[in-house]
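Chemist: To start, I am sharing the structure in question, which I have written as C-alpha cells.
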Amino acid sequence: MTQQLTTITETLVERFPGAVLKDERPGYEGYLVSAENLPEIAQFLRDQMGYDYLSSVTGVDYLPEGKMETVYHFFRSTGGSALELKVSLPRENPVVPSLVSIFPGAELQERETYDLLGIIFDGHPDLRRILLWDGFDGHPLRKDWQEPYYEEEAKPFKSRWPEGRAIRVEEKNIFKKNVKYPAGFDPETFTPEGDTSLFASLDKLKRHDEESGMKSDHIIINFGPQHTSTHGVFRMAAAVEGETIIGLKPAMGYLHRNHEKIAERNTYLMNMPYTDRLDYLSPLSNNFGYAIAVEKLMGIQPAERAEYLRVIMAEFTRISNHLFLIGSLLNDLGAYFTPMLYALEERELILDVFEAVTGSRMMCNYFRFGGVARDLPEGQLQKIKDLAFDRLPRKIDEMDRFLTESEIIRARGVGVGVLTPEEAIAYSTCGPVLRASGVPYDVRRADPYSIYERFDFDVAVRYHGDVYDRFLLRFDEIRQSIRIIQQAVRDMPEGPVQSGKPQYQAKVPAGEAYGRVEGPKGELGYYVVSNGKPNPWRYHVRAPSFINLTALEKLCVGNKVADVFAILGSIDIVLGETDR
Amino acid sequence: MTTGSVWEWIIKSVVIVFGLLTGFAYLTLLERKVLAKIQVRIGPNRAGPMGLFQPLADAIKLIFKEEIIPSRADKIIFVLAPIITVIPALIILGVLPFGGIITLFGRQISLSLADLNVGVLYITAIASISIYGIVLAGWSSNNKYAMLGGIRSSAQMISYELALGLSFIGPILLSGSMSLHDIVAAQKPLWFVVYQPVGALIFWIATLAEVNRAPFDMPEAEQELTAGYHTEYSGMKFALFFMAEYIKMIAVSAIAATLFFGGYRFVLEDQYPILGPVWLLGKVIVLLFGMIWVRATLPRIRYDRLMAFGWKFLFPLALANVFFTAIGIVLEKLWLIPLLTIAVFLGAVVMVGISETRRWRSHVF
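Heads up: the sequence lines are chains S and L, in that order.
For the first sequence, our numbering gives the first residue as 902, with consecutive numbering after it.
For the second sequence, our numbering gives the first residue as 40, with consecutive numbering after it.
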C-alpha cells in the first residue's frame, strides 16, 4: 500500500510540478492541489491512474487559519484505498472549478457544499441551494455563522448547568424570540423564489411542435413533498409529455436539520446516538461508519468479540433494511401491502433481537469507540442462531419464490430505469444501485474494514442495471448477509466487548479521517476532522441515498410516470439521511 | 298498467337500491376483513362485534366531514361528476333477474324489476356512462394528478369496452336472446361457463378494468397519482365515488353470475323460488372474493402495458372466442367450443410468453 502511494505521489508531482503538494500536517494525508489545476488533475486521475470513482466532495472551514478547503475522495472502482485531494481557498471569495463535467456524480454534492459552506463551484450547471431554502441568510457550516439561539461553541453548554440544576432550553429561548431574520427581511412580504428557479431548470425543455403547426407543451407535475410514494418529504418536479417524463429535478431539504452543524457542537460520543437518526432504517450501520472514522483518528482497535458483534448487528441491519425495501418497492409497484406486511413480519423478528441486545428497536446507539456498549444478553445468541440458520433463509426463499417470477413485477421492472456500468460509476452511485449495473464494488471487499476479510461471502452483482435487477440484488445480498452472520456466530470468541475502559469523553488527537462502510444503501462515509478538542471540528456524512439521487434524472427520463416511483423505490432512499 | 303494478315497481326499485347500498357498506367491511386475513393482520374489530358496525362508523364520519371545493375548480361539473358516476352504478341492475316468480299476499311477483328484451345492450350502455363522471371529475378538479387519472380512465375504458362487449356475445349466441331472463333460462341444463370458459375469463378481466380494480386501478393509482381523479374530493362527494366503485363491483359480479354461472338458478330453486336471490348472492360473494383476492395479490400493471394488453391480447382473443362459438353452434357440436377456445387461449399465452421473454433479456452489459 505504501509502495503504491509513493508511486502515485511521484507520478502526480512529476506530471504537475508545483501544483501538487503532499499534505504534511500531522494526522492528515492526501494532496494539496491548486484550484486552477484541479480539473486537469481530476481528469488525469480518472483517465490515467484509474481513480474513476469520486466518492465524496465536501469542504472544511478552517477559521483560525483564515482559509477554507474543499476535500475530494477518489477511489478506484476496482478497489483499494482513497486518494484524497484538497484545495485550499481564501475565506473571502472561495471559488473552485466544478468537477461536474468530469464526474457527474459531483453535482448534488457540490450544490450541498455551496449551500452549507458558501464555496462557489465555477462551471456548475445548476448551482442552487439544495438543502436550505432560498431566503436563507448565510452558510451555516461556516464556523463564524451562529444559529439564532446560539449559546456556546460546543456542548456540554455550561450555561445550562449554573448551580447543578439543569435549565431547559425552552426557558432560555422564548417562542418567536428565537428567530433571527437577515437584514431587510420581512416574513410577511417574502415570496420564495425556490420554485421559480426549480422550474426554470426544467423550462429549457419546453418545445413546440412546429412541423404539424399544432401548439404543444409539456406540463410540470410536482410529486411530493407530500406524496404516498416518495418515502418521506421528498419532492420531484417532473416535466411530462403525456405520461412520458422528459425532465425531472429532485428537490429536497424538507427534513433538513443541519445534522453536521449539530454534530460539530456535540462531543464525539454524543454523536453516536445522533447517527442513528440519519438512516433510521439501518441505525447500526450508521454507528459502524462513525465508530470506524473516529477509531481511525484515535488509533485504537476494537475488542475482538466486539468486532464480531458489530458484524452480526450490521448484517442484521442490512437484512432488515432490504426486507423493508422489498416490501415498499412492491408497494410502489401497486401491490396492496401484502408483500410489505410479510416482509415486515421478518423485520420485526430482527428488531426483537436489536431490542434485546441494544435496548432499542430503531435508535440503537450500540457502538462505542473501541467496542460496543454491552454484550449479548442471556439467550439472545440462540435467537440469533434460530433466525440466521433456520427462519430467515426459509422465509427469504419463500418470498423469492412468490415475487421474482411474477409476470407483472417483471413487466414493471425489466428494462426500466437502466443505468450502464460507466454511468453508474460516473454518477458516483453506490451500493445496490452500482452493483445491479454490473460493477462488483462492495466496500466490504474493495477496501475491507473491521473483520470482513475473515468471512467467506460473495459480492452480489447483477448485469442489467434495471429496476428488476436492483430488486433481485436485494435478495442476493440478504443471502450473503445470512452467510456472514452464520460464520460470525460460529467463530465469535469470548472476551471483553470494549478495548480499554469505557469513557464518556473520547480523547481524539488532531487530524482527519474518512471512515466508510458498506451500508445497506451503499457506501456510507464519515469525514471527521479533529483539532484535539472534545468536539469534532468538521463532521461530514457521505450519505448514500443522497448521492444516489444524482442519477435520478438520468434514470427517469424517457420512462413513464408510473416508472418514476418504481425507480425511486429501487434506489432506496431514506429522507433522514438524504436531507440530514 | 294498474296502480298495483306501479307500486310493485316502486317497491322493487327501492329494495334494489337499498340492497345495493347496504351491500356496498358491507362489501367494504368484507374487503377489509379479507385483505387483513391475507396480510396476516386482524382488520377492523373495534366497532361492534367483529367490526360489524364499522361501515356505519365510516358513513357517519364521511357525512360529517367538511366538503371542500377547490377555488379554481369548475364548480358545477365538480359537483355533478360524482352523481354522474354513481347513478349508472345504481340503475344497472334494473334488468337483472334475481329469481323466479313468487307468490306474496296473493300476488304473483316476479323477482326482477324489468324483463328488457335488449337487457345486455342496456347493461353495456349504462356501464359506459359512469366513465364520464370520472373524466369530468378529473378535468374539473383543476389538479394535475386528477387530470392524469381522468385521462387514464378514458383510455382504459376504450381499450376494454371492446373485449367486454365481445365476451357478451357468447352467451347471446348460445341462448339466442339478449334478454337476461332468457339467458338464465337457457342455462338450466348447464352453466354457460362450461361452453364459454375463455369468454368468462375475458369478461372477468375486462370488468376488473371496467370497475377500476387492482391490478387495473390506473385512474386512482395511489402510489403514482396519490388518489387520481378523486384527489380533490372529500366528504360525501368522495363517498359517492367510493360507493360507485363498490356498487359496480357488486353489479358486475351479479352480471357475471347471470351470464356465465346460471344466474339465480341452483339446487332446489325450482321448488322454492325464494331461494333464487340467495343463490345469486352466494355466487356474487364468491366472485367478489376473487376480486378482493386479486387486489391483495397482484401489483399494478403499467398504463401503456395495460392498453397493449387490452388491444393486442384480449381483443383478438375475444374475437376468436366469438368465432369459435359461432362455429360450434353452426356445426351443432357445442362441446367443440370449450376445446377450441381453450386451445386458442393457451396458444396465445405461450406466444406472448415467448416474445416477452425474448424482449426482456435482450440487453446485458
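Glycine residues also receive a C-beta, built at the ideal position from the N, C-alpha and C atoms.
Counting only Cβ-Cβ distances shorter than 9 Å, please list the residues of the region 333-367 of chain L near chain S, keeping chain order.
Modeler: Arg334, Ala335, Thr336, Leu337, Pro338, Arg339, Ile340, Arg341, Tyr342, Asp343 and Arg344
Chemist: Does Asp1473/S have its Cβ less than 9 Å from a Cβ in chain L?
Modeler: On the first sequence, position 572 is the one that residue 1473/S refers to. No, Asp1473/S does not count as interfacial toward chain L.
Chemist: From Asp309/L, Phe281/L and Val237/L, pick the residue whose C-alpha is nearest to that of Lys227/L; which is it?
Modeler: For the purposes of this step, residue 227/L is taken as the residue at position 188 of the second sequence. Of Asp309/L, Phe281/L and Val237/L, the residue nearest in Cα terms is Asp309/L.
Chemist: Can the beta-carbon of Ser1446/S be found less than 9 Å from the beta-carbon of Asp1180/S?
Modeler: The count along the first sequence starts at 1 and reaches residue 1446/S at position 545. The count along the first sequence starts at 1 and reaches residue 1180/S at position 279. Yes. Within cutoff.
Chemist: Establish whether the CB of Ile1120/S and some CB of chain L are separated by less than 9 Å.
Modeler: Taking the first sequence and counting its residues from 1, the one referred to as residue 1120/S is at position 219. Answer yes: the Cβ-Cβ gap between Ile1120/S and chain L drops below 9 Å somewhere.
Chemist: Just checking, does the region 1403-1413 of chain S make contact with the region 1192-1200 of chain S on the three C-beta pairs under 8 Å criterion?
Modeler: yes
Chemist: Is there a Cβ of chain L sitting closer than 9 Å to that of Ala1452/S, yes or no?
Modeler: The sequence position of residue 1452/S within the first sequence is 551, counting from 1. So no, Ala1452/S is outside the interface.
Chemist: Cβ closer than 9 Å: which chain S residues qualify as neighbours of Gln93/L?
Modeler: Along the second sequence, read from residue 1 onward, the residue named residue 93/L stands at position 54. Within 9 Å Cβ-Cβ: nothing; Gln93/L doesn't reach chain S, min ~18 Å.
Chemist: Ile212/L: which of Ala245/L, Ala293/L, Ala295/L and Ala225/L sits nearest, CA to CA?
Modeler: As a working note, residue 212/L is residue 173 in the second sequence. Note that residue 212/L is Leu in the sequence shown, not Ile. For the residues Ala245/L, Ala293/L, Ala295/L and Ala225/L, the minimum Cα distance to Leu212/L belongs to Ala225/L.
Chemist: Give every residue of the same chain whose Cβ lies closer than 8 Å to the Cβ of Glu1482/S, excluding the five residues on either side of it in the sequence, and list them in chain order.
Modeler: There is no way to answer for residue 1482/S, as the model of chain S reaches only from 902 to 1481.
Chemist: Which bits of chain S does Arg304/L rub up against, with CB to CB less than 7 Å?
Modeler: Here residue 304/L is taken as the residue at index 265 of the second sequence, counted from 1. Within 7 Å Cβ-Cβ: nothing; Arg304/L doesn't reach chain S, min ~34 Å.
Chemist: CA-CA distance, Asp343/L and Leu1149/S?
Modeler: Locating residue 343/L in the second sequence gives position 304, where the first residue counts as 1. Locating residue 1149/S in the first sequence gives position 248, where the first residue counts as 1. Each residue's alpha carbon lies about 20 Å from the other.
Chemist: State the DSSP-derived secondary structure class of Ala1138/S, mapped to helix, strand or coil.
Modeler: In the first sequence, the residue the question calls residue 1138/S occupies position 237. Residue state, collapsed to three classes: strand.
Chemist: Pairing CB atoms from the region 1230-1244 of chain S with CB atoms from the region 1467-1478 of chain S, are three or more of them under 8 Å?
Modeler: yes
Chemist: When you compare only the Cα positions, how much space is there between Lys51/L and Ile130/L?
Modeler: One-based indexing of the second sequence puts residue 51/L at position 12. One-based indexing of the second sequence puts residue 130/L at position 91. One C-alpha to the other measures close to 12 Å.
Chemist: Could you give the DSSP three-state label for Met902/S: helix, strand or coil?
Modeler: Locating residue 902/S in the first sequence gives position 1, where the first residue counts as 1. Because Met902/S sits at a pLDDT of 45, beneath the cut-off of 50, its placement in the model cannot be relied upon, and the following sentence gives the value as read from the coordinates. Correct three-state label for Met902/S: coil.
Chemist: Flag this pair as touching only if the region 1380-1388 of chain S and the region 1314-1333 of chain S have three or more C-beta atom pairs under 8 Å; answer yes or no.
Modeler: no
Chemist: For Asp1045/S, count neighbouring Cβ atoms within 10 angstroms of its own Cβ and tell me buried if that reaches 16, exposed if not.
Modeler: On the first sequence, position 144 is the one that residue 1045/S refers to. Burial call: exposed.
Chemist: Residue range of the beta strand (DSSP E) that Tyr846/S falls in?
Modeler: Coverage of chain S is limited to positions 902 through 1481, which leaves residue 846/S absent and any answer about it impossible.
Chemist: Could you tell me the distance, in whole angstroms, from the CA atom of Glu105/L to the CA atom of Ala98/L?
Modeler: Here residue 105/L is taken as the residue at index 66 of the second sequence, counted from 1. Here residue 98/L is taken as the residue at index 59 of the second sequence, counted from 1. Approximately 13 Å, taken between the alpha carbons.
Chemist: Return helix, strand or coil for Lys1056/S, following the three-state DSSP convention.
Modeler: Position 155 of the first sequence, counting from 1, holds the residue named residue 1056/S. If DSSP states are grouped into helix, strand and coil, Lys1056/S belongs with coil.
Chemist: What does the alpha-carbon distance come out to for the pair Thr1259/S and Ile1448/S?
Modeler: Stepping through the first sequence from its first residue, residue 1259/S is reached at position 358. Stepping through the first sequence from its first residue, residue 1448/S is reached at position 547. The straight-line gap from Cα to Cα measures roughly 29 Å.
Chemist: In the structure shown, what three-state DSSP assignment does Asp1359/S receive?
Modeler: Within the first sequence, residue 1359/S is the residue found at index 458, counting from 1. Three-state DSSP puts Asp1359/S in coil, outside helix and strand.
Chemist: In the structure shown, what three-state DSSP assignment does Ala1274/S receive?
Modeler: Locating residue 1274/S in the first sequence gives position 373, counting from the first residue. Ala1274/S: coil per DSSP, three-state reduction.
Chemist: Go ahead and pull the three-state DSSP assignment for Gln147/L.
Modeler: As a working note, residue 147/L is residue 108 in the second sequence. If DSSP states are grouped into helix, strand and coil, Gln147/L belongs with the strands.
Chemist: Report the neighbours of Pro254/L on chain S: residues whose CB is nearer than 8 Å to its CB, in chain order.
Modeler: As a first step, residue 254/L is located in the second sequence; it is residue number 215 there, counting from the start. Correct list: Gly1235 and Ile1309.
Chemist: Residues of chain S with a CB under 8 Å from the CB of Gln195/L: which are they?
Modeler: For the purposes of this step, residue 195/L is taken as residue 156 along the second sequence, with counting starting at 1. Residues of chain S passing the Cβ test: none, with the nearest at roughly 12 Å.
Chemist: How should Asn1188/S be labelled, buried or exposed, when 16 other C-beta atoms within 10 angstroms of its C-beta is the threshold for buried?
Modeler: The residue labelled residue 1188/S in the question sits at position 287 within the first sequence. Result: buried.
Chemist: Is there contact between the region 198-206 of chain L and the region 238-251 of chain L, where contact requires at least three CB pairs shorter than 8 Å?
Modeler: yes
Chemist: Per DSSP, Leu922/S forms a beta bridge with which residues?
Modeler: Start at 1 with the first residue of the first sequence, and residue 922/S comes out as number 21. DSSP lists Leu933/S as partners of Leu922/S.
Chemist: Along the chain, where does the alpha helix (DSSP H) that runs through Gly267/L open and close?
Modeler: Start at 1 with the first residue of the second sequence, and residue 267/L comes out as number 228. Taken as a continuous stretch (DSSP letters only), Gly267/L belongs to no alpha helix (DSSP H), as it is neither H nor E.
Chemist: My output table needs one value for Leu1170/S: the three-state DSSP class, helix, strand or coil.
Modeler: In the first sequence, counting from the first residue as 1, residue 1170/S sits at position 269. If DSSP states are grouped into helix, strand and coil, Leu1170/S belongs with coil.
Chemist: Considering only C-alpha positions, which residue in the set Thr910/S, Thr971/S, Phe975/S and Gly1228/S is nearest to Glu1424/S?
Modeler: Taking the first residue of the first sequence as position 1, residue 1424/S is located at position 523. Here the closest residue by C-alpha is Phe975/S.
Chemist: Check whether the region 113-133 of chain L and the region 85-101 of chain L are in contact - that is, three or more C-beta pairs closer than 8 Å.
Modeler: no
Chemist: Under three-state DSSP, which class holds Gly58/L?
Modeler: Taking the first residue of the second sequence as position 1, residue 58/L is located at position 19. DSSP places Gly58/L in helix when its eight states are reduced to three.
Chemist: Looking at the C-beta of Leu175/L, does it have a partner C-beta in chain S at a distance below 9 Å?
Modeler: By one-based count along the second sequence, residue 175/L stands at place 136. Using a Cβ-Cβ cut-off of 9 Å, Leu175/L does not count as an interface residue toward chain S, since no Cβ of chain S sits closer than that to its own.
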